[in-house]
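Single-structure report; data block below.
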Amino acid sequence: MVFVNSDPSEAATILRVKEPLEFKCHLDSTDALLMQKVISRTFTSLRSKVKSESCVLTVCDSPVVIWPNKGVFVTPEEITPSALCEDIQQWIQTDEHEASGKKSGKKKIKKGSVASVLNLRLMMEVTTPGPLPAPVLSRTVRRSHFLSTVLPLDCVVCTKSSDTIKDACERLVEALTHQLCDMEKVTLQHMNGTTLLTPEPLHFLLPEQKGLVTVVYPAGAPDSQLETQRKELHQQFELPHDRPYFRRANAHHFPNESYKDGYLRNPHVALTHPNMENGKVYLVQGLYSYHHYMQDRMDDSGWGCAYRSLQTICSWFQQQGYVERPVPSHREIQQALVDVGDKQASFVGSRQWIGSIEVQAVLSQLLEVTSKIMFVSQGSELASKGRELANHFATEGTPVMIGGGVLAHTILGVAWSETTGQIRYLILDPHYTGAEDLQVITDKGWCGWKGADFWDQTAYYNLCLPQRPKII
Numbered sequence: 001m002v003f004v005n006s007d008p009s010e011a012a013t014i015l016r017v018k019e020p021l022e023f024k025c026h027l028d029s030t031d032a033l034l035m036q037k038v039i040s041r042t043f044t045s046l047r048s049k050v051k052s053e054s055c056v057l058t059v060c061d062s063p064v065v066i067w068p069n070k071g072v073f074v075t076p077e078e079i080t081p082s083a084l085c086e087d088i089q090q091w092i093q094t095d096e097h098e099a100s101g102k103k104s105g106k107k108k109i110k111k112g113s114v115a116s117v118l119n120l121r122l123m124m125e126v127t128t129p130g131p132l133p134a135p136v137l138s139r140t141v142r143r144s145h146f147l148s149t150v151l152p153l154d155c156v157v158c159t160k161s162s163d164t165i166k167d168a169c170e171r172l173v174e175a176l177t178h179q180l181c182d183m184e185k186v187t188l189q190h191m192n193g194t195t196l197l198t199p200e201p202l203h204f205l206l207p208e209q210k211g212l213v214t215v216v217y218p219a220g221a222p223d224s225q226l227e228t229q230r231k232e233l234h235q236q237f238e239l240p241h242d243r244p245y246f247r248r249a250n251a252h253h254f255p256n257e258s259y260k261d262g263y264l265r266n267p268h269v270a271l272t273h274p275n276m277e278n279g280k281v282y283l284v285q286g287l288y289s290y291h292h293y294m295q296d297r298m299d300d301s302g303w304g305c306a307y308r309s310l311q312t313i314c315s316w317f318q319q320q321g322y323v324e325r326p327v328p329s330h331r332e333i334q335q336a337l338v339d340v341g342d343k344q345a346s347f348v349g350s351r352q353w354i355g356s357i358e359v360q361a362v363l364s365q366l367l368e369v370t371s372k373i374m375f376v377s378q379g380s381e382l383a384s385k386g387r388e389l390a391n392h393f394a395t396e397g398t399p400v401m402i403g404g405g406v407l408a409h410t411i412l413g414v415a416w417s418e419t420t421g422q423i424r425y426l427i428l429d430p431h432y433t434g435a436e437d438l439q440v441i442t443d444k445g446w447c448g449w450k451g452a453d454f455w456d457q458t459a460y461y462n463l464c465l466p467q468r469p470k471i472i
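Residue numbers (full-length UniProt numbering): 1 to 472.
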């Protein structure tokens with residue numbers, strides 16, 4: 001139930017077919033074995049259609065149509081099967097063309113940029129060339145169960161700059177066929193009487209250039225029921241058993257997809273690393289959301305910075321698949337502190353600050369995550385904590401909350417030189433009150449590299465360093 005692609009970071013163009021495919025069949029019996037045979041025949045029929053000459057791929061937002069099984073026939077005629085796959089990008093219609101009503105313009109793609117994603121639709125020709133036969137109607141009366149569902153096909157093929165349209169389409173048909181086989185296996189494995197769980201394909205980008213892997217899970221089955229399958233995948237790809245690489249939350253997010261919740265993800269990736277003699281950069285590992293003042297229709301300006309830093313940390317654990325609960329609200333954070341006996345009941349709904357110790361308590365109460373606390377008697381000592389912080393980001397890779405005085409910040413990484421002791425901190429500032437504008441956030445330093453003078457040299461600081469749970 002696995003399809004392995006190359007590393008998308010090395011791809012010139014990514015072809016993606018994300019298309020709902022109708023699945024319909026008549027079940028004349030509720031006998032499990034007979035039902036499985038009918039379902040298998042229906043999947044076989046779908047695979048045959050994908051490999052037939054009637055199969056058509058259309059490139060979204062363009063006039064390009066491809067018949068992958070007719071010797072890779074393409075329209076418009078200017079496009080030949082031997083043309084480079086990335087050349088199709090020239091036919092994508094931009095928003096400007098759509099707004100003006102003009103025809104598709106040829107759009108140039110910068111060489112060396114992030115791999116572009118070509119979205120395609122899978123369609124089937126209904127009629128065949130030649131005269132149409134007269135329709136014949138027949139009526140049959142019988143009792144049967146009619147099974148109808150939608151298979152959420154989602155196939156990805158990573159292509160190199162030298163790959164032709166013919167090469168890419170042949171691989172795409174192979175991937176579609178392979179995914180339908182995987183969907184059949186999952187459907188049959190998880191049958192319960194006449195109830196079927198819809199197969200759900202997900203893509204996972206594995207570390208160390210192991211590539212993009214597509215896995216089909218039964219939709220609706222919680223991660224807790226898929227642990228055996230995940231263990232097998234970890235063994236297959238020689239992955240450590242203390243990181244949840246194949247949980248749904250870790251599914252790869254393609255660059256052309258937007259996040260529905262509206263939060264910015266990983267704004268630090270837009271920054272340039274600082275130059276430092278013999279320096280090395282140690283960064284947060286994985287995805288997080290940027291939480292800051294005034295979000296979620298909550299006016300917490302002046303008191304909510306530690307809450308927002310905590311929310312960013314919680315989003316990291318959620319998006320790495322360690323927890324399934326949503327990021328807690330201010331009220332939920334306050335209630336958690338009351339529940340553990342840290343605060344009085346009147347604390348809920350107040351505008352009282354919290355610090356690193358409270359952040360540690362909430363992570364333990366709501367997420368069952370343990371944290372280490374680093375005590376710094378004055379800000380000037382932070383410059384000597386390079387080794388400890390570097391080790392944290394190299395091993396745990398979680399965002400760090402730092403509180404001192406009335407201010408709280410999130411540390412996302414350090415640039416540190418072991419030989420000179422020089423250090424710079426990658427800071428995500430929860431005090432920002434503007435819109436989710438990446439350009440403003442990075443240009444104005446709300447997410448940016450700061451020197452040791454960023455901290456009050458005489459203030460007392462506590463740092464909360466969350467630890468990764470050791471789970472698959």
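Here a beta-carbon is modelled for each residue, glycine too, at the ideal position from N, C-alpha and C.
Whether residue i touches residue j by CB criterion (8 Å)
i, j, result
"L212", "C158", "yes"
"A390", "W416", "yes"
"Q365", "V340", "yes"
"C305", "L407", "yes"
"F357", "N250", "The sequence shown places Ile at residue 357, rather than the Phe named in the question. No."
"Q319", "G286", "yes"
"Q179", "T214", "yes"
"M294", "T433", "yes"
"I472", "H241", "yes"
"P399", "V323", "no"
"Y290", "D300", "no"
"Q93", "S62", "yes"
"L15", "L118", "yes"
"S329", "M401", "no"
"F237", "K210", "yes"
Inter-residue spacing [alpha-carbon to alpha-carbon] between residue i and residue j
i, j, result
"A12", "R468", "34 Å"
"R47", "L147", "18 Å"
"A345", "G448", "38 Å"
"Q311", "V38", "49 Å"
"I88", "R143", "50 Å"
"L206", "S29", "43 Å"
"S425", "C155", "Note that residue 425 is Tyr in the sequence shown here, rather than Ser. Those two C-alpha atoms are separated by around 40 Å."
"L202", "F254", "12 Å"
"P466", "M191", "41 Å"
"E257", "V72", "28 Å"
"W455", "K470", "33 Å"
"K18", "W91", "20 Å"
"E96", "A175", "Residue placement at E96 is flagged as unreliable, the pLDDT there being 47, under the threshold of 50; the coordinate-derived value follows with that caveat. Those two C-alpha atoms are separated by around 34 Å."
"F393", "Q229", "29 Å"
"L382", "V376", "7 Å"
"C55", "H234", "35 Å"
"I427", "P218", "40 Å"
Per-residue burial, residue i [other beta carbons within 10 Å of its own, 16 or more giving buried]
i, result
"K444", "exposed"
"G421", "exposed"
"G279", "buried"
"R297", "exposed"
"V4", "exposed"
"residue 481", "Nothing can be reported for residue 481: it is not among the residues displayed for the chain, which extend from 1 to 472."
"P430", "buried"
"D182", "buried"
"M123", "exposed"
"H292", "buried"
"D163", "buried"
"R331", "exposed"
"E78", "exposed"
Check: residue i C-beta below 7 Å from any heavy atom of the ligand GDP
i, result
"D456", "Here there are no bound small molecules, and the ligand GDP is not part of this structure."
Contiguous alpha helix (DSSP H) assignments of at least 4 residues, all confined to the region 127 to 183
The region 127 to 183 contains no whole alpha helix (DSSP H) run of 4 or more residues.
Segment contact, 8 Å Cβ cut-off, at least three pairs: the region 136 to 153 with the region 180 to 198:
A contact is defined here as three or more CB-CB pairs under 8 Å, and the region 136 to 153 meets this definition with respect to the region 180 to 198.
Let me know the beta strand (DSSP E) ranges lying completely inside the region 379 to 442, each 3 residues or longer, listed in chain order.
Annotation: the region 379 to 442 contains the following complete segments of the beta strand (DSSP E) (minimum length 3 residues), in chain order: 400 to 404, 407 to 417 and 423 to 428.
Does the region 370 to 379 touch the region 263 to 275, meaning 3 or more C-beta pairs lie closer than 8 Å?
As far as the Cβ criterion goes, the region 263 to 275 does not touch the region 370 to 379, which means the pair count is below three.
Does the pairing of the region 161 to 172 with the region 75 to 94 give three or more beta-carbon distances under 8 Å?
These segments touch.
Quick one: complete beta strand (DSSP E) runs, 3+ long, within the region 220 to 292?
Those beta strand (DSSP E) runs which fall completely within the region 220 to 292 and span 3+ residues are 279 to 283.
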